[in-house]
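Below is one structure, written out as structure tokens; the observations come after it.
Residue numbers (mature numbering (1 follows the signal peptide of the UniProt record, and there is no 0)): -24 to -1, 1 to 634.
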């Protein structure tokens, strides 16, 4: 790739940086943005942007289509399985790297609906200037027709004429990329409704509805370790305000970077939840064109957390600009998600429980069995057999009683009693064994006592964190071995079949687990030791795990906690260098991570081969592995503490790969 001027900007608190290669070095425009006006209090729209009943019909049509295909978005192919993707050389920007389209017809039309359309463009101008991304504001079809490369931003461009649509199609044909927000080209130059055909044909996305039918679906749930979304932790909730007639869309696309859901991330196989989609397609010219669709309007930015909403936009823009980015993978290579089966033994652990443990082992998984102190004398023999088979044992309390709202003295006494009962029964647990409170009944006092007591981890409810990954508890002791909080953000299989048809409920559980894995999340799945699942249902759970073990890290609570400590000591960044982008990896003191740490690197084009070069001659470089069509992984195997540097070279694909 041709390397001209290099720009660097940082996103506060998130360590975001941009290196713009292959550009003409254009600086951002200096036009003032003015203030932005909140949509609150505006009069009801006199004209509906989308004709009444359209979303309802689209939703019904999608249900029929889904039923006919017997599939849903949660089980769609990941980027790894994209057969249509092939190696292509991208078009490099020759002018401003971003083109911001300010559509006068869209502004005129939206004003009639009571919407301040100027917000759409101002939001992007503010964003692009803030992060020093060179851009040019265009407002005519003639300008669209002259663009050769770069990224075209279409901010809620509701109105597009045929000539404008043709210009955008041709821009993609030349290898240009497109970022579109909300409704794009759904009305023609006269303001008449033209439908979603342009979005389907040109942006590779189907609009199947909006969130009008679900007033609680106000949270963008972000994917992690994704080519288009990786600075926010997997499953992060981003709250959005409900603005009349400007609700988020339900999208069906090739690949997803976020879903639109409620606070609890309630999942239903019947409901489409995609809200950010992306894809890359080969063009007849031999170039490839990338696209990202954000299914929400710019008005959302006015009330959402700016750091979160900008991080999503930032990742999307840099992917479209084909910029290399590096980030530490959330999970050991080659896994994309984490899984822990938490078996809660509220009663005696009996010989019959070994049957499920043996069945579980067939999938390659081991369970974490949480046992009660008051039952341990009757359970010790079987518990020891579980340990001998490689399953983990954790604490479930002294008795089946919640801890919440009890005094600190009582809670401390109960935790000490729990430990003593299990030790007295001859069951040896590590000093930092995991803890799970009965019935999720714990409070801040419990959490502090677990930290003070050097418990290695504990299972928490989903309200302890905004994401679906482990976090560190607030420490007061040894900061080198922090207590890790493992959020449980999904119902288990038994809870999923409590109402309605059990087969439907269990399939919904599997679909939700698949989506969780695609998000890059941690799935803590809870089942009781004396499970009510039938033998057939238990077999289906084991079969699911077996079929997903190549992408899902089947682990235990303590192993996940240790991994999170090890991972936290590794950081990565890319810095500009005259020779090539320079990857800098820092490994802090302590021993080397036990699992294989991966630094994922976004590739500038499909099929590019990442090659590392050490600045120090004859010094070996780590192995490079594949993640998916858009990323490679720098595999850090047994790295000692220190700082490591490698130049990143993106070589053309081998002839056989094209």
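Where a beta carbon is used, it is the ideal one built from N, C-alpha and C, also for glycine.
Predicted model, so just to flag it, every value in this text is computed and none were measured.
Using three-state DSSP, classify residue i as helix, strand or coil.
i           : result
residue 601 : strand
residue 222 : coil
residue 510 : coil
residue 542 : helix
residue 424 : helix
residue 206 : coil
residue 164 : coil
residue 590 : coil
residue 258 : strand
residue 529 : strand
residue 235 : strand
residue 576 : strand
residue 287 : helix
residue 216 : coil
residue 171 : coil
residue 85  : helix
residue 493 : helix
residue 439 : helix
residue 309 : coil
residue 74  : strand
residue 199 : coil
By Cβ distance below 6 Å, which residues in the same chain neighbour residue i in space, the five residues on each side in sequence not counted?
i           : result
residue 419 : 380
residue 243 : 488
residue 614 : 568
residue 113 : 76, 78
residue 96  : 131, 132, 274
residue 167 : 85
residue 99  : 274, 277
residue 21  : Any reading at residue 21 is ruled out, since the residue's pLDDT is 36, under 50, leaving its predicted position unreliable.
residue 252 : 233, 234, 270
Below 8 Å on the Cβ atoms is my contact criterion, and I expect residue i with residue j to pass it. Report the Cβ-Cβ distance as a whole number of Å.
i           : j           : result
residue 414 : residue 438 : With a Cβ gap of about 17 Å, residue 414 and residue 438 do not count as contacting.
residue 174 : residue 185 : That pair is no contact at about 18 Å.
residue 610 : residue 598 : 6 Å
residue 618 : residue 573 : The Cβ separation is near 14 Å, so there is no contact.
residue 227 : residue 163 : In fact, because the Cβ distance is near 19 Å, the residues do not count as touching under 8 Å.
residue 426 : residue 411 : 6 Å
residue 313 : residue 499 : 7 Å
residue 200 : residue 280 : Rounded, the Cβ-Cβ distance is 18 Å, inconsistent with contact.
Starting from the C-beta of residue i, find all residues in its chain whose C-beta is less than 7 Å away, skip the five residues before and the five after it, and write them out in chain order.
i           : result
residue 539 : 308, 571
residue 143 : 117, 120, 121
residue 524 : 493
residue 358 : 325, 326, 327, 329, 330
residue 407 : 430
Tell whether a beta-carbon distance below 8 Å holds between residue i and residue j.
i           : j           : result
residue 117 : residue 150 : no
residue 267 : residue 255 : yes
residue 274 : residue 156 : no
residue 577 : residue 561 : no
residue 340 : residue 319 : no
residue 291 : residue 205 : yes
residue 321 : residue 347 : yes
residue 278 : residue 214 : no
residue 651 : residue 536 : Since the first residue shown for the chain is -24 and the last is 634, residue 651 is missing from the structure and cannot be characterised.
residue 145 : residue 82  : no
residue 293 : residue 109 : yes
residue 409 : residue 352 : no
residue 349 : residue 397 : yes
residue 443 : residue 211 : yes
residue 216 : residue 224 : yes
residue 362 : residue 333 : yes
residue 311 : residue 529 : yes
Out of the options, point me to the one whose CA is closest to residue i's CA.
i           : options            : result
residue 568 : 74, 543, 301       : 543
residue 241 : 466, 360, 331, 294 : 466
residue 469 : 26, 459, 515, 428  : 515
residue 248 : 395, 229, 550, 496 : 229
residue 503 : 345, 354, 94       : 345
residue 127 : 25, 252, 289, 271  : 289
residue 87  : 25, 74, 105        : 25
residue 482 : 519, 495, 496, 197 : 519
residue 551 : 323, 237, 101, 299 : 299
residue 532 : 424, 367, 586, 373 : 367
residue 383 : 403, 372, 423, 355 : 423
residue 260 : 148, 377, 193      : 148
By Cβ distance, which residues of its chain are closer than 8 Å to residue i, with the 5 residues on each side in sequence left out?
i           : result
residue 191 : 218
residue 588 : 559, 597, 598, 600, 610, 622, 623, 624, 625
Using a Cβ-Cβ cut-off of 8 Å, state whether residue i counts as contacting chain C.
i           : result
residue 448 : This model lacks chain C altogether; it includes just one protein chain.
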